[in-house]
Amino acid sequence: MRIRATVAAVSGALALSAFVAPAAQADNAAPSYKAEASKVLGTSGKTTFGATTAADDLGVTFSNFKIASAVKVGTTNDVSTTVTYTLTHGADYVLNSDDYDNGPLIYKGSSDNPDNMLFGTKPATCTATSSTTASCKGLVDIHPADGDLVNSDAGTWSGGAVAIQYSSDDSSVSFGLGTTKVQRYSKLTVNAGPEPVVKGRTITSTGKLSRANWEDNKYHGYTNQPVKLQFRKAGTSTYTTIKTVTSDSTGNLKATATAVSDGYWRFSFAGTTTTPAVSATGDYVDVH
C-alpha cells in the first residue's frame, strides 16, 4: 500500500486536553476501522511494522493538530486522550460516508520505522466547515494491561493522522503533526512524626516515590531522584521547600527537620520527561 507521508507544522501551541470518554460511534464501525487502520499503518500488533502494498492516495491532508502535552498512563486503567485537527479533502474522499473514516495516531521514534504506534479504537467524528474541509475530533486509546507499552516507550511521541477507504486499499497518512509525552504514572507518599512533637525537636518524614512499570503492571520505586521536603504552616496555603533529598535504590525517602510550629509536611517531585510531577498529600504534625 502506498502511503503519502505529509509532514505538517503545528498551528499554535499544543492544547492541553482533558481525558474524556470515547465519542459515540456505531459499534460495528470500531472493528472495521481498527483493522483497516492497522493494515494501512503496516502493524498487526505492538512494535510490528511491515511493508505496505501499492494503493491510491485519497488526497487527504491534516493540519491544526492539537493533543495534550502529556498523557499519564498507569498499570491497568485504560487511558484515552482527545485529539483535534482539520481535515482537508478532495473528490476522492467523501466525508461521513460509511466507506470512509479517519483518526489520529501517535508514534515513538521515526515515522519510517517507529518503535511503537497507537491510535483510536474508533474513528474520529468530523463536522464539515466547507466543501473541502472539516473539523475532526478523535481519541488515542492506550491499554497498558494489554501490553500496548513497554517501559522504554516512555518519553516524547509524535502525532499524526490517517484516512482510509474500507472498500479499497486507498489511504492517506500524515506524520509529524505535533508531539506529546507518554509518561509512566507516578505516586508519592509521606509519613511525618513523631506526632505530637515538642517544639525544637526533630521531625522525621519518610515516604516512597514510585512509578508504573508497563511490563509487569505493578508500581516500583523510582530510584536516585531529587525530591523536595516541604512544609506548610497551619492556617496558610503555601508550601515552602526545606531541603532536597534523593530517593534510594528502592525509591524510599527520608528527611529530617526541626519542629517549629503546627503544620503539614510533604514530599514533592518535579517530574522528568518519562514520569510526571507528583506531590504527596500533606501529613499534619501537632507541635507543643
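Heads up, our numbering is the position in the sequence shown plus 11, with the first residue counted as 1.
All C-beta atoms in this analysis are idealised placements derived from N, C-alpha and C, irrespective of residue type, glycine included.
Leaving aside the five residues that flank I117 on each side, the residues in its chain whose CB is nearer than 8 angstroms to its CB run, in chain order, I78, M128, L129, F130, V151, W168, S169, G170, G171, T191 and V193. Per the DSSP secondary-structure output, I78 pairs in a beta bridge with V94. Fully contained in the region 169-200 are the following beta strand (DSSP E) runs of length 3 or more, in chain order: 182-195 and 197-199. Under the three-state reduction of DSSP, K210 is assigned to coil, being neither helix nor strand.
About 6 angstroms separates the Cβ atoms of W276 and V201, confirming a contact at the 8 angstroms cut-off.
When DSSP states are grouped into helix, strand and coil, S279 belongs to the strand group. Within a 10 Å sphere around the beta-carbon of G262 sit 16 or more other beta-carbons, which makes this residue buried. Relative to A135, the option among T249, V173 and A223 whose CA is nearest is V173. The continuous beta strand (DSSP E) containing A266 extends over residues N263 to T269.
Two segments are said to touch when three or more pairs of C-beta atoms, one from each, lie closer than 8 angstroms; by this definition the region 86-99 touches the region 149-164. Setting aside the 5 residues that flank it on each side, D164 is surrounded in the same chain by K119 and N127, each with a C-beta closer than 6 angstroms to its C-beta; the list follows chain order. Taking the CA atoms as reference points, Y96 sits about 27 angstroms from Y196. V71 and H100 have their C-alpha atoms spaced approximately 5 angstroms apart. If you draw a straight line from the Cα of E206 to the Cα of A46, it is about 59 angstroms long. W225 and N162 have their C-alpha atoms some 6 angstroms from each other. In the three-state DSSP reduction, N162 falls in the helix class (H, G or I).
For K50, the secondary structure class from DSSP, reduced to helix, strand or coil, is helix.
For Y233, no beta strand (DSSP E) run applies, since DSSP gives it neither H nor E. In its chain, beyond the 5 residues on either side, H100, C137, A139 and A145 have a beta carbon closer than 7 angstroms to the beta carbon of L106.
Per DSSP, K133 lies in no beta strand (DSSP E) and is assigned neither H nor E.
Exposed is the label assigned to P237, since fewer than 16 other Cβ atoms lie within 10 Å of its Cβ. In the displayed model, A245 falls within coil according to three-state DSSP, outside both helix and strand. Taking every protein chain shown into account, the CB of V296 has 16 or more other CB atoms within 10 angstroms, so this residue is buried. Beta-bridge partners assigned by DSSP to D294: W276. Note on R222: 16 or more other CB atoms within 10 angstroms of its CB, so buried under the neighbour-count rule.
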